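Peer 1:
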Amino acid sequence: GNAEVRFMQLDLASLRSVRAFASAFLRQEPHLHLLINNAGECRDPQSPRLAPSQGTHRGLPLPPLAGVSAGGTTEDGFSLPFQVNHLGHFLLTQLLLERLQSCAPSRVVIVASRAHCAGRLRPDTLATLGRPPPGLLSTFQDYCDSKLANVLHARELATRLQGTQVTCYAVHPGFVNTELFRHTPLWLKPLFLPLVWLFFLDAAEGARTSLHCATHEGLEPFSGRYFADCRPQEPWPPARDDRLARALWEASERLVGLGEAGGSPSP
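The opening residue of the sequence shown carries number 4 in the numbering used here; numbering runs sequentially from there.
Next comes the structure, spelled out in structure tokens:
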């Protein structure tokens, strides 16, 4: 029952919305000690069901995603999963980073997934980052790539923030029954949803590792690490590739319109 909780709408499918949100937040809030990048999306970027309301908040319908075009890609030209899961979070983190540093000690928690193990990002594929061909299998691969990007983002951010009191962590929350699956294709629901109901964690259980990384004392030596079940674990080998992490960072800066003057921390 904290009466000081404030709801501010943010559409990660629109880089314009991310910038507007960050500007409004920085005007209104002098302090920022914790950023949890938790939004997730896994829909087909060509799905005709992108335009309707994105669900409800406290029983009220949320407005449509402003950043999604009629063709299914975002207004910035990227696939919905990759922009929401990685590029939007990357830009948001960069825009809020100076405030996090001024309020240190502070933390950034990036909610990734064990699905990063199926990611196929390589330095020579980053030119087409966030622009996969349409199709269900392509969308799943795009989702896995975005989760690998999350783990690499935390790793490179930690490298660049060494010597500060801002630490960051990538998190696998477990397989959680959330509204992430509300747009599962109708033909797949009879096969998939029973597994979700039987074996997936509920939202409270799925929040444990994120909250652990957000609040547990003594995690500073593990900055940049990948956590699952509330403890550091080794991610898939590509997620430990420092060359790939740096290349992804540089590609992400270009894609979201940041550069040397964009406020990125130096290594």
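All C-beta atoms in this analysis are idealised placements derived from N, C-alpha and C, irrespective of residue type, glycine included.
Treat the numbers as computed from the prediction; the structure is a model and nothing was measured.
Between which two residues does the beta strand (DSSP E) holding residue 236 run?
Peer 2: Your numbering for residue 236 matches position 233 in the sequence shown. Taken as a continuous stretch (DSSP letters only), the beta strand (DSSP E) holding residue 236 covers 234-236.
Peer 1: Determine, for residue 225, whether the minimum Cβ-Cβ distance to residues of chain B falls below 8 Å.
Peer 2: Here chain B cannot be found, since the structure has a single protein chain.
Peer 1: On the DSSP bridge assignment, give the partners of residue 131 in chain order.
Peer 2: Sequence index remark: in the sequence shown, residue 131 carries index 128 (1-based). Looking at the DSSP assignment, residue 131 forms no beta bridge with any residue, so it has no partner.
Peer 1: What first and last residue would you give for the beta strand (DSSP E) that runs through residue 99?
Peer 2: Start at 1 with the first residue of the sequence shown, and residue 99 comes out as number 96. Premise fails: residue 99 lies in the alpha helix (DSSP H), 91-105, not in any beta strand (DSSP E).
Peer 1: Taking the beta strand (DSSP E) that residue 114 belongs to, which residues open and close that run?
Peer 2: Translated into positions along the sequence shown, residue 114 becomes position 111. Unbroken beta strand (DSSP E) run through residue 114: 109-114.
Peer 1: Is the CB-CB distance between residue 213 and residue 5 below 8 Å?
Peer 2: Looking up residue 213 in the sequence shown gives position 210. Looking up residue 5 in the sequence shown gives position 2. Not closer than 8 Å, so no.
Peer 1: Which of the three DSSP states, helix, strand or coil, is assigned to residue 230?
Peer 2: Mapped onto the sequence shown, residue 230 falls at position 227. Strand at residue 230.
Peer 1: Going by CA-CA distance only, name the one from 43, 217, 254 and 227 that's closest to residue 37.
Peer 2: The residue labelled residue 37 in the question sits at position 34 within the sequence shown. For residue 37, the nearest C-alpha among the options comes from 217.
Peer 1: Within 10 Å of its beta-carbon, does residue 64 have 16 or more other beta-carbons around it, so buried, or fewer, so exposed?
Peer 2: On the sequence shown, residue 64 is found 61 positions in, with the first residue counted as 1. The predicted model places residue 64 with a pLDDT of 48, which falls under 50 and marks its position as unreliable, so this point remains unresolved.
Peer 1: What are the boundary residues of the alpha helix (DSSP H) that residue 120 is part of?
Peer 2: As a first step, residue 120 must be located in the sequence shown, where it is residue number 117. Premise fails: residue 120 is in no alpha helix (DSSP H) and is neither H nor E.
Peer 1: Taking the Cβ atom as the reference point for each residue, do residue 114 and residue 227 lie within a distance shorter than 8 Å?
Peer 2: Within the sequence shown, numbered from 1, the residue matching residue 114 stands at position 111. Within the sequence shown, numbered from 1, the residue matching residue 227 stands at position 224. No, these two residues do not count as a Cβ contact at 8 Å.
Peer 1: List the DSSP bridge partners of residue 38.
Peer 2: Here residue 38 refers to the residue found at position 35 of the sequence shown. Under DSSP, residue 38 takes part in a beta bridge, and its partners are 111.
Peer 1: CB-CB under 7 Å to residue 107, same chain, minus the five flanking residues each way: which ones, in chain order?
Peer 2: By 1-based counting over the sequence shown, the position of residue 107 is 104. Same-chain partners within the cutoff: 167, 168 and 169.
Peer 1: Note down the Cα distance separating residue 222 from residue 143, rounded to an integer number of angstroms.
Peer 2: The sequence position of residue 222 within the sequence shown is 219, counting from 1. The sequence position of residue 143 within the sequence shown is 140, counting from 1. Approximately 32 Å between the Cα atoms of the pair.
Peer 1: Assign residue 26 to one of two classes, buried (16 or more other C-beta atoms within 10 Å of its C-beta) or exposed (fewer than that).
Peer 2: Residue numbering aside, residue 26 sits at position 23 when the sequence shown is read from its first letter. When all chains shown are included, residue 26 counts as exposed.
Peer 1: Terminal residues of the continuous alpha helix (DSSP H) containing residue 215?
Peer 2: By one-based count along the sequence shown, residue 215 stands at place 212. Membership of residue 215 in the alpha helix (DSSP H) is indicated by the continuous run 211-218.
Peer 1: Cα separation between residue 148 and residue 102?
Peer 2: Start at 1 with the first residue of the sequence shown, and residue 148 comes out as number 145. Start at 1 with the first residue of the sequence shown, and residue 102 comes out as number 99. Going by the C-alpha atoms only, they are around 29 Å apart.
Peer 1: If you reduce the DSSP assignment to three classes, tell me which class residue 16 lands in.
Peer 2: On the sequence shown, position 13 is the one that residue 16 refers to. Coil at residue 16, not helix or strand.
Peer 1: Would you kindly check if the distance between the Cβ of residue 122 and the Cβ of residue 86 is under 8 Å?
Peer 2: As a working note, residue 86 is residue 83 in the sequence shown. As a working note, residue 122 is residue 119 in the sequence shown. Using a Cβ distance threshold of 8 Å, residue 86 and residue 122 do not count as a contacting pair.
Peer 1: On the DSSP letters alone, give me the boundaries of the alpha helix (DSSP H) that residue 254 sits inside.
Peer 2: Position 251 of the sequence shown, counted from the first residue, corresponds to residue 254. Unbroken alpha helix (DSSP H) run through residue 254: 245-259.
Peer 1: In whole angstroms, what separates the C-alpha of residue 241 from that of residue 255?
Peer 2: Working through the sequence shown from its first residue, we reach residue 241 at position 238. Working through the sequence shown from its first residue, we reach residue 255 at position 252. Spanning the two alpha carbons is a distance of roughly 17 Å.
Peer 1: Can you tell which of 247, 246, 172 and 252 has the C-alpha that lies nearest to the C-alpha of residue 219?
Peer 2: The sequence position of residue 219 within the sequence shown is 216, counting from 1. Here the closest residue by C-alpha is 172.
Peer 1: Given residue 215, which residues of its chain have a CB within under 6 Å of its CB, disregarding the five upstream and five downstream residues?
Peer 2: As a working mapping, residue 215 is identified with position 212 in the sequence shown. Counting only Cβ-Cβ distances below 6 Å, and skipping sequence neighbours, we find 233.
Peer 1: Do you know offhand how far residue 19's Cα is from residue 83's?
Peer 2: Counting from 1 along the sequence shown, the entry for residue 19 is found at position 16. Counting from 1 along the sequence shown, the entry for residue 83 is found at position 80. Whole-angstrom Cα-Cα distance: 15 Å.
Peer 1: Are the Cβ atoms of residue 77 and residue 17 separated by less than 8 Å?
Peer 2: Start at 1 with the first residue of the sequence shown, and residue 77 comes out as number 74. Start at 1 with the first residue of the sequence shown, and residue 17 comes out as number 14. Result yes, Cβ atoms of residue 77 and residue 17 sit closer than 8 Å.
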